[in-house]
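Colleague: Position 72 (the sequence shown) corresponds to 72 in the UniProt record's numbering; numbering is contiguous.
Please find one structure pasted underneath; my questions will follow.
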Amino acid sequence: DGYLDICSLHSPLTDKARRLNTYETLLEMQKDGLIGAVGVCNYGVGALDEIITAGLPPPAINQIELSPFNQHTDIAAWAQKYGMVLSCASWSKLSKATGPVDGWNAVGKIADQKKMTKAQVLVR
């Protein structure tokens with residue numbers, strides 16, 4: 001007697017047959033009322049297209065790394081086309097590689113023009 005709101009495949013780093021078989025198993029668990037939504041993590045457009053080509057419904061959610069430096073516009077367009085939600089994840093501090101956001105002059109100028117915070121500019 002258990003229920004998960006969402007269950008996601010963590011990575012597409014296995015062969016296509018195994019990915020699709022596992023995805024189908026999660027869909028069966030959803031049909032049986034054990035899972036609310038089936039999702040994936042770190043799936044690019046190629047792996048997502050395999051799901052559609054196999055005649056399966058698109059994932060409800062794809063958790064991927066999204067940042068000002070890694071926007072994945074191709075995955076975002078796919079998500080919009082198929083009604084899939086993107087969940088943002090960043091595996092390391094962005095400031096470590098680039099310095100604090102406060103030092104980004106262009107972001108500050110845009111924030112001032114739009115009457116937004118720098119953080120709001122970056123997530124838009």
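Glycine is no exception: its CB is placed at the ideal position from the N, C-alpha and C atoms.
Does the beta-carbon distance from Tyr-3 to Leu-34 come in below 8 Å?
Modeller: By 1-based counting over the sequence shown, the position of residue 3 is 3. By 1-based counting over the sequence shown, the position of residue 34 is 34. Contact: yes.
Colleague: In angstroms with no decimal places, state the Cα-to-Cα distance between Leu-122 and Trp-104.
Modeller: For the purposes of this step, residue 122 is identified with residue 122 of the sequence shown, where counting begins at 1. For the purposes of this step, residue 104 is identified with residue 104 of the sequence shown, where counting begins at 1. For Leu-122 and Trp-104, the distance between alpha carbons rounds to 11 Å.
Colleague: Which residue or residues does DSSP assign as beta-bridge partners of Asn-42?
Modeller: Within the sequence shown, the letter at position 42 stands for residue 42. Bridge partners of Asn-42: none, in fact.
Colleague: Quick check on DSSP: helix, strand or coil for Leu-86?
Modeller: For the purposes of this step, residue 86 is taken as the residue at position 86 of the sequence shown. DSSP places Leu-86 in strand when its eight states are reduced to three.
Colleague: Going by alpha carbons, who is nearest to Ser-67 out of Ser-90, Ile-6, Ala-119, Gly-46?
Modeller: Mapped onto the sequence shown, residue 67 falls at position 67. Ranking Ser-90, Ile-6, Ala-119, Gly-46 by Cα distance to Ser-67 puts Ser-90 first.
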